[in-house]
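In the working numbering, each residue carries its 1-based index in the sequence shown increased by 58.
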Amino acid sequence: MSRRAIVAGGSTGIGRGTAIALAKSGHDVTITFAHKAAEAQKNAEAAEATGQRCIIEQLDLSSPETAKACVDKMVEQLGRLDALVSSAGMMVPSFDAPPDFADHLRGSKSKA
59 MSRRAIVAGG
69 STGIGRGTAI
79 ALAKSGHDVT
89 ITFAHKAAEA
99 QKNAEAAEAT
109 GQRCIIEQLD
119 LSSPETAKAC
129 VDKMVEQLGR
139 LDALVSSAGM
149 MVPSFDAPPD
159 FADHLRGSKS
169 KA
């Protein structure tokens, strides 16, 4: 029986690699992303090519309600949740960051 995992921030970088590695190791995967739908779709296709199921969800993880709804949907569609990988983040050059940017980052990690 497959295990199930959510990879928050699975559209690029470490999250992408983690989602595909989990699929290769026998996990059905839910990939969440904020903005990069095309990348998330490519990663879903790569995960599905391993024979596993993959769901992609665009959402804002700074909202606890949104994060809970994602987990609920995954459990409804795939049966349960065995692992959660938090790889979501933002890359903003420090000179472009608004004064409250650090607070925003802390909030998105701690709330979801």
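Cβ coordinates follow ideal geometry from the N, Cα and C atoms, glycine included.
Between residue i and residue j, what straight-line distance do the alpha-carbon atoms span, to the nearest angstrom?
{"i": "residue 112", "j": "residue 94", "result": "16 Å"}
{"i": "residue 110", "j": "residue 92", "result": "23 Å"}
{"i": "residue 140", "j": "residue 61", "result": "6 Å"}
{"i": "residue 121", "j": "residue 83", "result": "30 Å"}
{"i": "residue 104", "j": "residue 96", "result": "12 Å"}
{"i": "residue 133", "j": "residue 158", "result": "35 Å"}
{"i": "residue 81", "j": "residue 117", "result": "21 Å"}
{"i": "residue 131", "j": "residue 74", "result": "21 Å"}
I need the boundaries of the alpha helix (DSSP H) containing residue i, first residue and last residue.
{"i": "residue 130", "result": "122-136"}
{"i": "residue 108", "result": "It is not in any alpha helix (DSSP H) - residue 108 carries neither H nor E in the DSSP assignment."}
Kindly indicate the opening and closing residues of the beta strand (DSSP E) around residue i.
{"i": "residue 142", "result": "141-144"}
Give the DSSP bridge partners of residue i, in chain order.
{"i": "residue 66", "result": "90, 144"}
{"i": "residue 113", "result": "88"}
{"i": "residue 61", "result": "85"}
CB-CB under 6 Å to residue i, same chain, minus the five flanking residues each way: which ones, in chain order?
{"i": "residue 170", "result": "Its pLDDT being 47, under 50, residue 170 is placed unreliably by the model, and nothing is read from it."}
{"i": "residue 136", "result": "62, 86"}
{"i": "residue 72", "result": "145"}
{"i": "residue 100", "result": "none"}
Assuming contact is defined by CB atoms lying nearer than 7 Å, are residue i and residue j in contact in what I supplied?
{"i": "residue 77", "j": "residue 89", "result": "yes"}
{"i": "residue 69", "j": "residue 107", "result": "no"}
{"i": "residue 144", "j": "residue 66", "result": "yes"}
{"i": "residue 102", "j": "residue 114", "result": "yes"}
Please work out which residues of its chain come closer than 8 Å, Cβ to Cβ, to residue i, disregarding the five sequence neighbours upstream and downstream, and give them in chain order.
{"i": "residue 85", "result": "60, 61, 62, 63, 110, 140, 141"}
By Cβ distance, which residues of its chain are closer than 7 Å to residue i, with the 5 residues on each side in sequence left out?
{"i": "residue 138", "result": "62"}
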